[in-house]
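Going by UniProt numbering, the letters in the sequence shown line up with residues 1 to 83, in that order. C-beta atoms are modelled at their ideal positions from N, C-alpha and C, and glycine is treated no differently. Structure first, then comments.
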Amino acid sequence: MAHTTIKVESTVRDRLATLAAEKGTTIAQLVSDFAAHTPTAEERAERTARTLAVLSEMSGYTPSPEQDRAADAELARRLGDIA
C-alpha cells in the first residue's frame with residue numbers, strides 16, 4: 001500500500017495524536033477511519049433520497065421542502081432546549 005504525507009499545523013497534529021492515543025490507535029488509522037466512515041455530500045444526499053422514498057412508500061407522507069425545513073428547525077429548537 002502506498003503512503004502519503006498530509007501537512008497540518010502542529011496543533012492539529014498534536015490533537016490527532018491525543019485522539020489516536022485515547023482510542024489506542026495511530027493517527028494514520030484515525031484518519032483512515034474518518035475517511036471510511038464519513039459520508040460525502042453526495043452520499044448524504046443519496047441516503048436522504050432513499051429515506052424519503054421509503055417514508056413516502058410506507059406512510060404516504062411526502063414532506064414539502066418547507067415542511068422539511070420547519071421540522072429541522074423544530075428539532076434544532078428542541079435539542080437546544082435540552083442542552
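The beta carbon of Leu-30 is closer than 8 Å to those of Leu-16, Leu-19, Ala-20, Lys-23 in its chain, skipping five residues each way along the sequence.
When secondary structure is reduced to three states using DSSP, Pro-65 falls in the helix class. Counting only the Cα atoms, Glu-74 lies some 15 Å from Ser-64. In this structure, the CA atom of Glu-42 is about 31 Å from the CA atom of Asp-81.
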